[in-house]
């Protein structure tokens, strides 16, 4: 059964969040905010935020190192025939939104 792009992105977001929660040390909180798949569904860009923000670089390095295992996790826990390659990114858009919210509350 072929997955529609939105459904595929939501499924990958849930699986990536679960994977990162299970694999991380718990020193920082990693939240998967969104997933964007390529039109051919061969690549998934996974965006996340990290608290505390000082741990962002370490969390991004960790996620990049574990990207192959994340893909394997998705294969094991879903019925996606050919799962996309996964790439991790810090969600700058979400960071900017949070900053704007913070500034607007403190005016």
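Numbering (the numbering used here), first residue to last: 210 to 316. The C-beta atom is built at its ideal place from N, Cα and C for all residues, glycine as well. Everything numeric in this text was worked out from a predicted model, so none of it was measured.
Residue 210 in three-state terms, based on DSSP:
Sequence index remark: in the chain shown, residue 210 carries index 1 (1-based). Caution applies to residue 210, whose pLDDT of 40 falls short of 50 and renders its modelled position unreliable; the value that the coordinates give is listed next. Note: residue 210 maps to coil in three-state DSSP.
Residue closest to residue 225, alpha-carbon to alpha-carbon, out of 290, 314, 311 and 258
Working through the chain shown from its first residue, we reach residue 225 at position 16. With distances taken between Cα atoms, residue 225 lies closest to 258.
Closest to residue 236 by C-alpha separation, out of 283, 305 and 268, would be which residue?
Position 27 of the chain shown, counting from 1, holds the residue named residue 236. Cα-wise, what sits closest to residue 236 is 268.
DSSP-derived helix/strand/coil call for residue 291
To locate residue 291, count along the chain shown from 1; it is residue 82. Residue 291: coil per DSSP, three-state reduction.
Within the continuous beta strand (DSSP E) that includes residue 252, where are the two ends?
Position 43 of the chain shown, counted from the first residue, corresponds to residue 252. Per DSSP, residue 252 belongs to the beta strand (DSSP E) from 252-260.
Check whether residue 241 and residue 218 have beta carbons under 8 Å apart
As a working mapping, residue 241 is identified with position 32 in the chain shown. As a working mapping, residue 218 is identified with position 9 in the chain shown. Taking 8 Å as the Cβ cut-off, residue 241 and residue 218 do not qualify as a contacting pair.
What are the boundary residues of the alpha helix (DSSP H) that includes residue 265?
For this step, residue 265 is matched to residue 56 along the chain shown. Per DSSP, the continuous alpha helix (DSSP H) segment holding residue 265 begins and ends at 265-274.
Determine the burial state of residue 229: buried for a count of at least 16 other Cβ atoms within 10 Å of its Cβ, exposed for fewer.
Counted from its first residue, the chain shown places residue 229 at position 20. Burial call: buried.
So what does DSSP say about residue 239, is it helix, strand or coil?
Within the chain shown, the letter at position 30 stands for residue 239. In the structure shown, residue 239 sits in a strand (DSSP, three-state: E or B).
Determine which residues share a DSSP beta bridge with residue 298 and list them.
Position 89 of the chain shown, counted from the first residue, corresponds to residue 298. Note: residue 298 is bridge-paired with 256 in the DSSP secondary-structure output.
Going along the chain, which residues of its own chain have a beta-carbon closer than 6 Å to the beta-carbon of residue 264, five neighbours each way excluded?
By one-based count along the chain shown, residue 264 stands at place 55. Shown here for residue 264: same chain residues with a beta carbon closer than 6 Å to its own, the five before and five after excluded, namely 237 in chain order.
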